[in-house]
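*Asks:*
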């Protein structure tokens with residue numbers, strides 16, 4: 419059940435009540451028995467479980483992907499194999 423915050427019109431005291439969603443918006447003040455009205459307040463949220471931190475969103479693969487023309491100046495293995503094949507074909 420939701421937790422609602424109330425403020426008394428007579429004494430100004432604020433208090434909280436756990437009530438059903440369909441409960442009336444007015445309640446009796448526990449201090450002076452005056453009429454209290456429900457206040458609008460921000461809801462309390464709790465993020466439980468995985469997926470709520472930065473590290474939980476992206477799954478990292480075991481080996482990083484390498485692009486052609488890598489930053490270390492090397493060329494991909496497939497390009498080297500093609501060069502060797504063309505050199506041996508030229509020698510024949």
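In the numbering used here, the protein residues as written are 419 to 510.
Yeah, the Cβ is synthetic: ideal placement off N, Cα and C, and Gly gets one too.
On a predicted model such as this, the values are computed, not experimentally measured, just so you know.
Beta strand (DSSP E) containing residue 426: first to last residue?
*Replies:* The count along the chain shown starts at 1 and reaches residue 426 at position 8. Note, residue 426: beta strand (DSSP E), 421 to 426.
*Asks:* Beta-carbon separation of residue 424 and residue 454 under 8 Å?
*Replies:* In the chain shown, counting from the first residue as 1, residue 424 sits at position 6. In the chain shown, counting from the first residue as 1, residue 454 sits at position 36. Closer than 8 Å, so yes.
*Asks:* Secondary structure at residue 457, three-state DSSP: helix, strand or coil?
*Replies:* Walking along the chain shown from the start, residue 457 turns up at place 39. Residue 457 falls in the strand class under three-state DSSP.
*Asks:* Span of the beta strand (DSSP E) holding residue 435?
*Replies:* Within the chain shown, the letter at position 17 stands for residue 435. Taken as a continuous stretch (DSSP letters only), the beta strand (DSSP E) holding residue 435 covers 432 to 436.
*Asks:* Alpha carbon to alpha carbon, what distance is there between residue 419 and residue 445?
*Replies:* Locating residue 445 in the chain shown gives position 27, where the first residue counts as 1. Locating residue 419 in the chain shown gives position 1, where the first residue counts as 1. Taking the straight line from one Cα to the other gives about 16 Å.
*Asks:* Please work out which residues of its chain come closer than 7 Å, Cβ to Cβ, to residue 438, disregarding the five sequence neighbours upstream and downstream, and give them in chain order.
*Replies:* Locating residue 438 in the chain shown gives position 20, counting from the first residue. So the qualifying residues of the chain are 419.
*Asks:* Would you identify the three-state DSSP class for residue 449, choosing helix, strand or coil?
*Replies:* Start at 1 with the first residue of the chain shown, and residue 449 comes out as number 31. Reduced to three states, the DSSP call for residue 449 is coil.
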